[in-house]
Every structure is written in C-alpha cells, then in structure tokens.
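Asks: Here the sequence shown is numbered in the UniProt record's numbering, starting from 1 and rising by one per residue. Think of the CB as a built atom: it goes at the ideal place given N, C-alpha and C, for glycine as much as any other residue.
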Amino acid sequence: MFESEFVGVEDAAVVAAIADLTRAEAASAARRLAAIAELTRRRVLDDDERARWACDWWDCAAAAVAAAMNISGRRASGQMRIAVALRDHLPAVAAMFARGEVSARVVGAITWRTQFITEASVWAQIDQAIAKRAGRWGPLGEDKLVAAVDALVLEFDESAVIVAKAVARARDFVVGDLEDENGTTSVWGRLSAADAAVLKKKIAAMVATVCERDPRTAGERRAAAVGAWSQGNDHLPCACESPSCPARANHPAPKSSVVVNVYTDQATVDNVQRSAAQAAPSESSAPSAPVSAGTALLSGTEVMPTPLLAELLRDGAKLRPLCTPAEEPEPGYRPSSKLARFIRARDLTCRFPGCTASAEFCDIDHVIPYPLGSTHPSNLVCLCRKHHLLKTFWTGDWELRLRPDGAAVWTSPTGHTYTTYPGSRAYFPDWDTNTGDLPPPLKPQTFDTDRAVMMPRRKRTRTQDREARIKAQRAQNNSDPPPF
Ligand SMILES: [Zn+2]
Ligand SMILES: [Zn+2]
Numbered sequence: 001m002f003e004s005e006f007v008g009v010e011d012a013a014v015v016a017a018i019a020d021l022t023r024a025e026a027a028s029a030a031r032r033l034a035a036i037a038e039l040t041r042r043r044v045l046d047d048d049e050r051a052r053w054a055c056d057w058w059d060c061a062a063a064a065v066a067a068a069m070n071i072s073g074r075r076a077s078g079q080m081r082i083a084v085a086l087r088d089h090l091p092a093v094a095a096m097f098a099r100g101e102v103s104a105r106v107v108g109a110i111t112w113r114t115q116f117i118t119e120a121s122v123w124a125q126i127d128q129a130i131a132k133r134a135g136r137w138g139p140l141g142e143d144k145l146v147a148a149v150d151a152l153v154l155e156f157d158e159s160a161v162i163v164a165k166a167v168a169r170a171r172d173f174v175v176g177d178l179e180d181e182n183g184t185t186s187v188w189g190r191l192s193a194a195d196a197a198v199l200k201k202k203i204a205a206m207v208a209t210v211c212e213r214d215p216r217t218a219g220e221r222r223a224a225a226v227g228a229w230s231q232g233n234d235h236l237p238c239a240c241e242s243p244s245c246p247a248r249a250n251h252p253a254p255k256s257s258v259v260v261n262v263y264t265d266q267a268t269v270d271n272v273q274r275s276a277a278q279a280a281p282s283e284s285s286a287p288s289a290p291v292s293a294g295t296a297l298l299s300g301t302e303v304m305p306t307p308l309l310a311e312l313l314r315d316g317a318k319l320r321p322l323c324t325p326a327e328e329p330e331p332g333y334r335p336s337s338k339l340a341r342f343i344r345a346r347d348l349t350c351r352f353p354g355c356t357a358s359a360e361f362c363d364i365d366h367v368i369p370y371p372l373g374s375t376h377p378s379n380l381v382c383l384c385r386k387h388h389l390l391k392t393f394w395t396g397d398w399e400l401r402l403r404p405d406g407a408a409v410w411t412s413p414t415g416h417t418y419t420t421y422p423g424s425r426a427y428f429p430d431w432d433t434n435t436g437d438l439p440p441p442l443k444p445q446t447f448d449t450d451r452a453v454m455m456p457r458r459k460r461t462r463t464q465d466r467e468a469r470i471k472a473q474r475a476q477n478n479s480d481p482p483p484f
C-alpha cells in the first residue's frame, strides 16, 4: 500500500480536501464535456453524404471519445449528448457545473429529462430555473432527482415531459440484463396465459424426474429444468452423488450443445470427458481437477467460474481445448471454423478500444484486406459491425495494425495510438497466442475485395431521426397528457 498524502494532516484540512476535490472533480468533468462538445461540433457534419452512412460522423466522433476515455461507444455517445445539450441549451447549468457547484450525476439527469424541449425561449427559461435549484439536488436519490427536473419541465413545457412507458401488457421475452453476474443470466418474460400454463406444467414434470436426494433448492431445480429442456432433454439430470441413483438409471445420458473451451491439452480433455461420462461417485472429484485451477470459456466467449464446470459436464457439455492454429495461411477468404474459433477465443470481444461487444457476435475482419492480406491468424481480428464499418470506410481516419501476438494498434484521426490486447490474455496468461509474422502476399496485384463491401445507409440522418423522435414524443404527450 502506498502512503496517503493525508497521513498526519489535521482533520479540518482533510475534510476541506474532501469538499475541494469534490468541486474539482465536477469542474473537471465540465471541462471534459466542453472539449467533447467542441470535438462534436468539428467532427459531426450534417450536410455531407456520410451523415447517411450506418457508421456516420457521430459514430466516428464517438469512437474518438470512447478511445480517449477508455469507455464503450455507447457511453461515449451519451457523453456527447450531454455535452451538446449543455453547450447549446443550458449555459447557466454549464457555468454552475464548471464552477463545481453541481455533480456530473445531477447534470446527467438534467440533460436527459429535458431532451424533448424544442423552443429556444423555453430552454432559456428552464435553464435559469434549474440553475436556481440544482445546487440542492445533490443529495436526492435517482427517483427524486428525476421528479425535481420533471416538475420544472412540466411547468415550462408540458409536452416535453418524459412519460414512463406503462408496464408492457404485450407478450415479451428477454434474456440477459446489464447487471447480470458472471455465470448466471436473468430471464424475464410475459407469455400468453395458455402458454404459461403449459410451461409451468412442463417444468414441474421435469423437476419431478430427479431423485429425492437431489441437493438443489426448488428454484435451482426449476432453473436447471428450463436449461435442460432448451438443450432438447425431457428429463432433468439428477445432481445427487449416489451411485445407486434411480433417476440416473432410468434416463438416457443428457443432451447438451454447450461447448466449454479450456486451456489444456487434448489428452487431459479426453480424460475429463471419460471420467465425466462414467460419472461414478468415487471418481467424481476427478472430472473437475485438471481445469479447476484455470478458467473456462463458455461457447468460446463467455468467461465462466470453474465451480459451474462440474455441473455443465454432468449435464452433457463438451470440453474443447484451446489451441494455436497452423502457421500456414488458409487458401480461401472465409476462415475455417477452427481458425474462426481461435480468433474468437483469443479476442473474446471486439478489439476496438473500449468496445465490449462479445466476439460471438463479431465479424472476423482481415486487417489487411484479402487477398493482399492472407487468411492467417496474424491478419484476423474480431470487430463488431459498427467498428468493422469504421475501419473499412473511415480509412485514413482510423487505421489498424495487428501484431503477431494479437495486440491491435489503432491510430485515430488525430494521430493518437491506442493498443488493445487479446481478451484471453487476462484469463489464460500462459496461452501463447503468438501466431508468427504474416507471410508475404501471394498475388499483390489482385487488390479488390473490401471495395465490393457497401456501407449500409440510413433512411434518415441521425439528426432527422432525432427530430422525428422528439416530434412523436411531444405529439403523444399532447394527445395523452401526463398523469399528474
Ligand atoms: Zn439422484
Ligand atoms: Zn466494437
């Protein structure tokens, strides 16, 4: 631990430092947003053909902000929205923020809740009104903060209030949430009453197939039943360790399409699979032993805590060792499934700075376009569609070089460089992902691949989209006044 600069400082000075630094933090955030607003003004052009590109000026600027702040593109875009609102519409609030009198959190709520205001005169009034009060909003929790801003929006421009969507009555089914913890994923849904009744019966029937010694709670068993069912099973594999489990004797081996990548050799994997298949309780500690020290990757991209491995294996999952591919380039444009698996396992996410898009849903990009650049691991990276388009069409702005060890070096339009490392490095530090120097191109004269790729186009520019959204929200508020 390093020595704190406040050791030996008097209490009063320590408390004063807390207050000063809180103000400094806010003031510094305000300056950063002013810089972001300026970059946005310079780099986001509306009267240009690229405003209709799927990866448009805004995305290109957001990439620069994301890389500079080391945050995701989505958050960078949010910072740009806040920055532009402060500069264009809320100068009094921006001035308070710059003096450190209001926090970034409060400013975020203010800019979010006022986004549907359209008239300059209303902006001017509400800016003054908020500036008078916002100094007292710091202690408010999220709901009360939003209510405080909304009360002023309602006073000056009833049509601009953001009305919470009524709880969905329609059917819906959602898997996954931002706040999910490693190893589990939340699922939420609303089914037709008839379907729900069938589902309930199905789950109950599956849960009933385990023996009475199954150690799981009723809730855990229901969750496992849904999982086993979605893998195509009609029974829930029993989790008891008994060699004489009647449930295990009565049911076929469970089916599973889960593949777990582990960093180990093939012989170990074979061993683990064999002992898992025998599933004799005296050997039950054997299956997880070789991998218990490491980390496992679910479907090649999701990191999973190893205690869940034994359960996955019991339920029929397959293990696959991670291996480094051959040094010879592949002949075709499309990488073989083995090579693609390596690239996804090496990268884990999109390789643009700050991007967290899962490799599973990424494109595999030839860093140097094929066939000038070959289909070789030292020339292939995972990029999400947005950053794939950025690299392909904003050439001259964003440049990418890939090193043989998988490090990706990006150069931004302003000449800054950012290096991202393969995501697997954090989980499999011993795994050598060095794939050697890129072999020289075979036919450098045939250079025409990425030319054929078209940038998808927007029907309306981002600005037109936004204006339409504001208009629609205001129209809805006018026909259906806020319920308070
Ligand atoms: Zn049992
Ligand atoms: Zn990305």
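Can you give, in chain order, each stretch of the alpha helix (DSSP H) that sits fully within the stretch 185 to 254 and has at least 4 residues?
Replies: DSSP runs (the alpha helix (DSSP H)) wholly in the stretch 185 to 254: 193 to 207, 218 to 230, 246 to 250.
Asks: Is the beta carbon of Ala357 within less than 7 Å of some heavy atom of ligand 2?
Replies: Under cutoff, so the answer is yes.
Asks: Since I believe Leu236 is in contact with Ala218 (beta carbons under 8 Å), could you give me their beta-carbon distance rounded to a whole number of angstroms?
Replies: Actually they do not touch by this definition, with Cβ atoms about 12 Å apart.
Asks: Take Val122 and list the residues in its own chain whose beta-carbon comes closer than 7 Å to its own, dropping the five residues that flank it on each side.
Replies: For Val122, where only same-chain residues beyond five positions count, the Cβ hits under 7 Å are Phe156, Asp157.
Asks: Roughly how many angstroms separate the alpha carbons of Thr349 and Ala129, rounded to a whole number?
Replies: If I take the Cα positions, the gap works out to 45 Å.
Asks: Is the CB-CB distance between His388 and Cys355 below 8 Å?
Replies: No, they are not a contact pair.
Asks: In angstroms with no decimal places, state the Cα-to-Cα distance between Ile126 and Asp88.
Replies: About 13 Å.
Asks: My understanding is that Val107 touches Phe97, with C-beta atoms under 8 Å, so please give their C-beta distance in whole angstroms.
Replies: About 5 Å; that satisfies the 8 Å criterion.
Asks: With DSSP run on the structure shown, which of helix, strand or coil describes Thr395?
Replies: Three-state result, Thr395: coil.
Asks: Helix, strand or coil: which one does DSSP assign to Ala280?
Replies: For Ala280, the predicted model reports a pLDDT of 40, less than 50, meaning its position is unreliable; a value from the coordinates is still stated below. Three-state DSSP puts Ala280 in coil, outside helix and strand.
Asks: Compute the Euclidean distance between the alpha carbons of Ile364 and Asn434, then round it to the nearest angstrom.
Replies: Ile364 and Asn434: Cα-Cα distance of roughly 18 Å.
Asks: Using a Cβ-based criterion (distance less than 7 Å to any ligand heavy atom), does Arg190 qualify as near ligand 1?
Replies: It does not: the Cβ of Arg190 is nowhere closer than 7 Å to a heavy atom of ligand 1.
Asks: Within the present structure, is the beta-carbon of Val210 separated from the nearest heavy atom of ligand 1 by less than 7 Å?
Replies: Yes.
Asks: Could you name the residues of the same chain whose beta carbon sits closer than 6 Å to that of Val174, not counting the 5 residues immediately before and after it, in chain order?
Replies: Taken in chain order, the residues that qualify are Trp188.
Asks: Quick one: which unbroken alpha helix (DSSP H) runs of 4-plus residues sit fully inside the stretch 301 to 352? Chain order, please.
Replies: Whole alpha helix (DSSP H) segments, 4+ residues: 307 to 314, 337 to 347.
Asks: Spatial neighbours of Ser282 within its chain, please: CB distance less than 6 Å, with the 5 preceding and 5 following residues excluded, ordered by chain position.
Replies: The pLDDT assigned to Ser282 is 37, lower than 50, so where the model puts this residue is not dependable, and the model offers no usable value.
Asks: Assuming Trp137 contacts Ala148 (C-beta within less than 8 Å), just tell me the rounded distance between them.
Replies: Contact holds; Cβ gap of about 6 Å.
Asks: Can you give the Cα-Cα distance for Ile71 and Arg466, rounded to whole angstroms?
Replies: C-alpha separation (whole angstroms): 23 Å.
Asks: Would you say Arg213 touches ligand 1, meaning its beta carbon is less than 7 Å from a heavy atom?
Replies: It does: the Cβ of Arg213 is within 7 Å (strictly closer) of some heavy atom of ligand 1.
Asks: Evaluate residue 486 with the Cβ neighbour count: other Cβ atoms within 10 Å of its Cβ, from every protein chain shown; 16 or more gives buried, anything less gives exposed.
Replies: Absent from the structure is residue 486, since the part of the chain shown begins at 1 and ends at 484.
Asks: If you measure from the CB of Phe6, is any heavy atom of ligand 2 nearer than 7 Å?
Replies: False, no ligand heavy atom lies under 7 Å from that Cβ.
Asks: Just tell me which of Ala61, Leu86, Pro91, Ala68 has its CA closest to the CA of Ser77.
Replies: Cα-wise, what sits closest to Ser77 is Ala61.
Asks: So, using beta-carbon positions, are Ala408 and Thr420 closer together than 8 Å?
Replies: Cβ distance < 8 Å, so Ala408 and Thr420 count as in contact.
Asks: Whole angstroms is fine: what's the gap from Thr209's alpha carbon to Cys238's?
Replies: So the two alpha carbons sit approximately 8 Å from each other.
Asks: Take the Cβ of Pro243 as the centre, count every other Cβ of all protein chains shown within 10 Å, and call the residue buried at 16 or more, exposed below.
Replies: Answer is exposed; the Cβ neighbour count stays below 16.
Asks: Does Ser424 pass the burial test, meaning 16 or more other C-beta atoms within 10 Å, or should it be called exposed?
Replies: Ser424 comes out buried.
Asks: I believe Val153 touches Asn477 by the beta-carbon criterion, under 8 Å. Please report the beta-carbon distance rounded to the nearest angstrom.
Replies: That belief does not hold up - the Cβ atoms of Val153 and Asn477 are roughly 10 Å apart, past 8 Å.
Asks: Among residues of its own chain, excluding the 5 on either side of Thr375, which ones have a beta-carbon nearer than 8 Å to its beta-carbon?
Replies: For Thr375, where only same-chain residues beyond five positions count, the Cβ hits under 8 Å are Pro329, Glu330, Pro331, Gly332, Tyr333, Arg334, Pro335, Leu339, His366.
Asks: What is the DSSP secondary structure of Arg401, reduced to helix, strand or coil?
Replies: Arg401: strand per DSSP, three-state reduction.
Asks: My understanding is that Arg222 touches Asp214, with C-beta atoms under 8 Å, so please give their C-beta distance in whole angstroms.
Replies: So it is not a contact: roughly 12 Å between Cβ atoms.
Asks: Hey, is Ala249 close to ligand 1, as in C-beta under 7 Å from one of its heavy atoms?
Replies: No, the beta carbon of Ala249 sits no closer than 7 Å to any heavy atom of ligand 1.
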